[in-house]
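Participant: Starting off with a structure, shown below.
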Amino acid sequence: MSIFYGGPIISMDKNQPEVDAIGIEGEKIIAIGTLDAVKQRMGKDVKLIDLKGNSLLPGFIDCHMHPIIFLFFLINLDLSSVKSLIELQELLRDTAKEKGKEEFIFGLSLKEEEFDVPVLPTRWDLDKACPENPVFVLRYDSHIGIANSKALDLFEFNSETKCPEGGEIRKNEDGVLTGVVSENALDLIYSKISKYLIPESNVIQETADRAFKLLAKKGITSLHGIIQLGKSGVGGDLGLIETPIFKSVQEKILQNWYGLISTDKPKKLIKIKKPPLDGGKEDSKFKVGCLKLFLDGTFGAKTACMWESFSDTPNTCGFCVVNEDEIYEKMKLAHNNGFQIAIHVIGDKGNRICVDLYKRLLKEFPKKNHRHRIEHASMLTDDVIEDMNKYGIIASCQPSFINSEYKWLEKRLGKERCKYTYPMKSIIEAGVVLISGSDAPIEDPNPILGLHALVNRNGFVPEQCITMEEALQTYTINAAYSAFEEKIKGSIEVGKLADLVILDKNPLEVPKDKIRDIQIVETIIRGKSVYKKNNE
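Numbering (the numbering used here), first residue to last: 8 to 543.
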């Protein structure tokens with residue numbers, strides 16, 4: 008048993024926002040109030056822990072991430088810091104020297120929009136660096152990739168390769184493959200390269216240990232983790248191995264895990280809602296509760312479904328990656344079998360389509376406490392936000408997208424459409440529940456960077472900035488609500504799990520320009536300390 012005192016304790020409980028001390032026994036919070044009252048409740052055999060002025064809060068909940076894909080990103084070549092085409096070629100050339108001839112090279116997190124001269128590389132750019140090795144480079148949003156000539160041969164891609172609906176295999180004006188592949192067409196590549204990407208078991212175990220400790224270091228105590236059961240999803244054929252890998256590394260996972268399951272067959276959720284993916288109790292560490300679906304692409308890949316063309320690419324409006332009737336049938340199956348639904352949508356037209364599908368579903372099969380979600384919900388016009396409030400649809404947003412995209416979004420969307428892009432304040436003012444995630448490994452899974460984006464927005468449409476208190480709610484009590492877990496986490500209250508984070512500063516008092524500097528001092532999950540800054 009232990010008592011925390013001696014610093015600001017921000018409970019995120021609107022009925023008792025601040026307390027002097029909290030008492031923990033086992034996995035639960037059993038007392039809150041004044042230090043004397045908590046001492047009296049806890050008895051004599053208790054450890055007193057002085058916060059020494061540091062701030063205690065509910066642990067952060069990341070509401071959207073891909074933990075198993077995160078492992079692959081840690082294992083393979085990271086391109087996130089590359090700032091030019093020449094630098095990309097140099098890094099690939101050096102990597103090829105370390106590998107054997109003909110050995111496959113997989114590069115991840117390419118951010119060509121941040122190049123000194125923004126340009127998406129082609130097969131020929133990669134060929135210059137690696138003529139002897141098959142190379143496949145994936146853009147940071149995982150919705151577009153580039154293969155060099157050796158890789159195209161390996162994948163058996165040619166001008167006659169049939170492109171699946173909802174995908175692109177790009178060609179130049181002469182009809183020659185450029186090596187650029189997007190959306191559903193990526194599945195054709197994943198089906199060929201999965202065998203090259205599966206590391207040895209010991210490497211997976213070591214990487215999992217590193218990955219979940221890294222998340223703990225960032226103050227994350229719970230995550231809404233996306234798992235693919237088949238080929239449908241961002242990982243393509245790699246989804247076939249996600250569940251086996253998940254099961255093999257469960258002992259390494261520190262965080263509570265609420266499963267968002269990506270599958271073409273929603274009835275499979277019924278079959279897997281049992282151990283080890285679901286513990287079967289309200290406070291189980293692992294749960295399955297949600298069907299994850301895709302509707303469109305991304306801004307970066309210019310595949311988000313838009314009403315009008317992208318400002319920097321006339322006649323390109325993006326597209327839906329799935330037929331509306333097809334996705335509706337999956338929604339019905341999940342909804343009528345008691346599962347939550349979460350749909351990936353970015354573009355303004357895509358979000359209108361998505362909300363209309365939810366309206367159709369809820370009118371045909373009314374259900375009050377469904378808590379269905381839109382994942383990303385990047386462009387929301389007023390009419391869409393109004394309907395989200397009316398039908399109880401949650402906005403599951405990724406504030407760190409603003410950190411990555413604010414420099415080029417106006418070029419891509421135009422000034423007028425930027426006004427309703429990542430409209431966090433409008434979402435909250437309309438009464439829609441706003442929650443936050445990172446989409447890791449697409450973005451850094453650091454809630455502090457997310458808080459910075461929510462409060463500051465890097466100057467991008469500053470009218471949509473929200474307060475720190477509102478921002479914290481998106482990572483705590485709102486996040487818990489979005490997984491039907493507000494009774495067991497998300498705030499510091501008696502009876503809830505002792506999922507806590509200690510910060511070196513009071514976030515409610517930190518100047519806006521200093522939010523990025525907030526440090527995680529300690530992370531506690533189910534009453535157990537899993538990270539301490541002083542022990543690094």
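All residues carry an ideal CB built from backbone N, CA and C; glycine is no exception.
Do you know how far the Cα of L230 is from the Cα of F326?
Facilitator: Using only the alpha carbons, I get a separation of about 29 Å.
Participant: Alpha carbon to alpha carbon, how far is K259 from V391?
Facilitator: Their Cα atoms are separated by approximately 41 Å.
Participant: Is the Cβ-Cβ distance between P406 and L461 less than 7 Å?
Facilitator: Going by C-beta atoms, P406 is nearer than 7 Å to L461.
Participant: Can you name, in chain order, every residue of its own chain whose Cβ lies under 6 Å from the Cβ of N463, other than the five neighbours on each side?
Facilitator: Within the same chain, N463 has close Cβ partners K519.
Participant: On the three-state DSSP scale, how would you describe Q235?
Facilitator: In this structure, Q235 counts as strand in the three-state DSSP scheme.
Participant: Sorted by chain position, which residues of the same chain lie with C-beta nearer than 6 Å to L161's C-beta, five sequence neighbours on each side aside?
Facilitator: So the list reads P141, once near-sequence residues are dropped.
Participant: By alpha-carbon positions, which one of I527, L479, G444, D132 ends up nearest to H71?
Facilitator: Comparing Cα positions, the closest option is G444.
Participant: Could you check which residue in K397, K51, I400, I211 has the C-alpha nearest to that of F79?
Facilitator: The shortest Cα separation from F79 among K397, K51, I400, I211 belongs to I211.
Participant: Can you give the Cα-Cα distance for A437 and E417, rounded to whole angstroms?
Facilitator: If I take the Cα positions, the gap works out to 25 Å.
Participant: Given a cut-off of 7 Å on the beta-carbon distance, is the pair I434 and A478 in contact?
Facilitator: For I434 and A478, no; Cβs fall outside 7 Å.
Participant: For the alpha helix (DSSP H) containing N410, list its first residue and its last residue.
Facilitator: Its alpha helix (DSSP H) spans residues 407-412.
Participant: If you draw a straight line from the alpha carbon of E500 to that of K292, how long is it in whole angstroms?
Facilitator: When rounded, the distance between both Cα atoms is 19 Å.
Participant: Classify H71 as helix, strand or coil using the three-state DSSP reduction.
Facilitator: Three-state result, H71: strand.
Participant: Which class does M19 belong to by DSSP, given the choice of helix, strand or coil?
Facilitator: M19: coil per DSSP, three-state reduction.
Participant: Within 10 Å of its beta-carbon, does R217 have 16 or more other beta-carbons around it, so buried, or fewer, so exposed?
Facilitator: R217 is exposed by the Cβ-count criterion.
Participant: By the DSSP assignment, the alpha helix (DSSP H) with E371 in it spans what residues?
Facilitator: Residues 355-371.
Participant: With DSSP collapsed to three states, give me the class of R177.
Facilitator: It is a strand residue.
Participant: Does Y538 come out as helix, strand or coil in the three-state DSSP assignment?
Facilitator: Reduced to three states, the DSSP call for Y538 is strand.
Participant: How about P65 and M19: do their beta carbons lie closer than 7 Å?
Facilitator: Yes, they are a contact pair.
Participant: If you run the structure through DSSP and keep just helix, strand and coil, what is W264?
Facilitator: Three-state result, W264: strand.
Participant: Tell me, please, whether the stretch 408-416 touches the stretch 358-378 by the rule of three or more beta-carbon pairs shorter than 8 Å.
Facilitator: Contact fails: fewer than three Cβ-Cβ distances are below 8 Å.
Participant: Would you call the stretch 111-118 and the stretch 85-99 in contact, with 3 or more CB pairs under 8 Å?
Facilitator: Flag = yes, the stretch 111-118 and the stretch 85-99 touch.
Participant: Who are the near neighbours of F134 in its chain, counting only those whose CB is closer than 7 Å to its CB and skipping five residues on each side?
Facilitator: It should be pointed out that residue 134 corresponds to Asp in this sequence rather than to Phe. Here the set comprises N155, S156.
Participant: Among E529, G304, Y488, which residue has its Cα nearest to the Cα of I68?
Facilitator: When each option's Cα is compared against that of I68, the closest is Y488.
Participant: If you count every other CB in all the chains shown that lies within 10 Å of the CB of W264, and 16 or more means buried, which is it?
Facilitator: When all chains shown are included, W264 counts as buried.
Participant: Does DSSP put T185 in a helix, in a strand, or in coil?
Facilitator: If DSSP states are grouped into helix, strand and coil, T185 belongs with the strands.
Participant: So N513 and P15 are in contact, right, with Cβ under 8 Å, and what is the actual spacing, rounded?
Facilitator: Yes, they are in contact, since the Cβ atoms of N513 and P15 sit about 5 Å apart, within 8 Å.
Participant: Have a look at H351, K104, K90 and flag the residue whose alpha-carbon is nearest the alpha-carbon of V124.
Facilitator: Closest by alpha carbon: K90.
Participant: Could you give the residue range of the beta strand (DSSP E) that holds A487?
Facilitator: Unbroken run through A487 is the alpha helix (DSSP H), 484-488; no beta strand (DSSP E).
Participant: By DSSP, does D271 sit in helix, in strand, or in coil?
Facilitator: Looking at D271 - three-state DSSP - the assignment turns out to be coil, as it is neither helix nor strand.
Participant: Short check: CB of I82 to CB of P206, under 7 Å?
Facilitator: Taking 7 Å as the Cβ cut-off, I82 and P206 qualify as a contacting pair.
Participant: Whole angstroms is fine: what's the gap from V329's alpha carbon to Y365's?
Facilitator: Near 15 Å, if we compare the C-alpha coordinates of Y365 and V329.
Participant: Buried or exposed: which applies to G304, given that a residue is buried once 16 or more other Cβ atoms fall within 10 Å of its Cβ?
Facilitator: Buried, by the Cβ-count rule.
Participant: Check this for me: beta carbons of H73 and I233, under 7 Å apart or not?
Facilitator: Result yes, Cβ atoms of H73 and I233 sit closer than 7 Å.
Participant: Could you spell out the range, first to last residue, of the alpha helix (DSSP H) harbouring E423?
Facilitator: 422-425 is the extent of the alpha helix (DSSP H) around E423.
Participant: Return the chain-ordered list of same chain residues with a C-beta closer than 8 Å to the C-beta of L300, the five sequence neighbours on each side being excluded.
Facilitator: The residues are S269, V329, I334, K337, M338, I348, A349, I350, H351.
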